[in-house]
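**Student:** Structure in structure tokens, see below.
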Amino acid sequence: MAKFVLTNAFFSIGGTDLSDHLESATLNYEAESQDTTAMSDLTRIMAGGLKSWSMDLNFRQDFAASNVDATLFPLVGTTATVILRADAGSVSATNPNYTGTGLVASYNPFTNAVGETANTPVSIVSAGTLSRATS
Numbered sequence: 008m009a010k011f012v013l014t015n016a017f018f019s020i021g022g023t024d025l026s027d028h029l030e031s032a033t034l035n036y037e038a039e040s041q042d043t044t045a046m047s048d049l050t051r052i053m054a055g056g057l058k059s060w061s062m063d064l065n066f067r068q069d070f071a072a073s074n075v076d077a078t079l080f081p082l083v084g085t086t087a088t089v090i091l092r093a094d095a096g097s098v099s100a101t102n103p104n105y106t107g108t109g110l111v112a113s114y115n116p117f118t119n120a121v122g123e124t125a126n127t128p129v130s131i132v133s134a135g136t137l138s139r140a141t142s
């Protein structure tokens, strides 16, 4: 895989594209580890359990209509379809599209000190399966 610098990520929630305000994004995808060790085993035997995913996002805040605050504030505690990919270009094998239904678990309208750029962190947790598409 080619190395690249993340400069043009795509993010939308509930059909609203917030890519132009996205400062950073982390997509977490994991499976629970379930212990299946029996009395005769000499080593712990683990099996993959339920999967979960989450997104930790940071936006440059914007209180204008149809922007960051107007989109995210009413979604706290509700679910929405989220889409994230490394580049805003076409979905492909080298630019997979991650889509899922997520619960907006937290949104902080601003968390800054005087003189700092107004940022807003958002946490989204799984409320459905995460899918990965390459076309």
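Mapping of the sequence shown onto our numbering: residues 8 to 142, in sequence order. Think of the CB as a built atom: it goes at the ideal place given N, C-alpha and C, for glycine as much as any other residue.
Any idea if residue 75 is buried or exposed, counting beta-carbon neighbours within 10 angstroms, 16 or more meaning buried?
**Tutor:** As a position in the sequence shown, residue 75 is number 68, starting the count at 1. Burial call: buried.
**Student:** So, residue 18 versus residue 91, is the Cβ gap smaller than 9 Å?
**Tutor:** Looking up residue 18 in the sequence shown gives position 11. Looking up residue 91 in the sequence shown gives position 84. Yes; because the gap between Cβ atoms is below 9 Å, this pair is in contact.
**Student:** When DSSP labels each residue in this structure, what does residue 133 get in the three-state scheme?
**Tutor:** As a working note, residue 133 is residue 126 in the sequence shown. In this structure, residue 133 counts as strand in the three-state DSSP scheme.
**Student:** Candidates 84, 70 and 43: which alpha carbon is nearest residue 134's?
**Tutor:** Along the sequence shown, read from residue 1 onward, the residue named residue 134 stands at position 127. Nearest C-alpha to residue 134: 84.
**Student:** For residue 62, which residues does DSSP report across the bridge?
**Tutor:** As a working mapping, residue 62 is identified with position 55 in the sequence shown. Per DSSP, 34 and 131.
**Student:** Which partner residues does residue 104 have in the DSSP bridge list?
**Tutor:** Translated into the one-based positions of the sequence shown, residue 104 becomes position 97. BP columns for residue 104 point to 140.
**Student:** Look up residue 53 in the DSSP assignment and give the residues it is bridged to.
**Tutor:** Residue mapping note: residue 53 aligns to position 46 of the sequence shown, counting from 1. Residue 53 is bridged to 42.
**Student:** Which of helix, strand or coil does DSSP assign to residue 86?
**Tutor:** Translated into the one-based positions of the sequence shown, residue 86 becomes position 79. Looking at residue 86 - three-state DSSP - the assignment turns out to be strand.
**Student:** Could you check whether the region 30-44 touches the region 57-67, counting it as contact only if at least three pairs of C-beta atoms, one from each stretch, sit closer than 8 Å?
**Tutor:** yes
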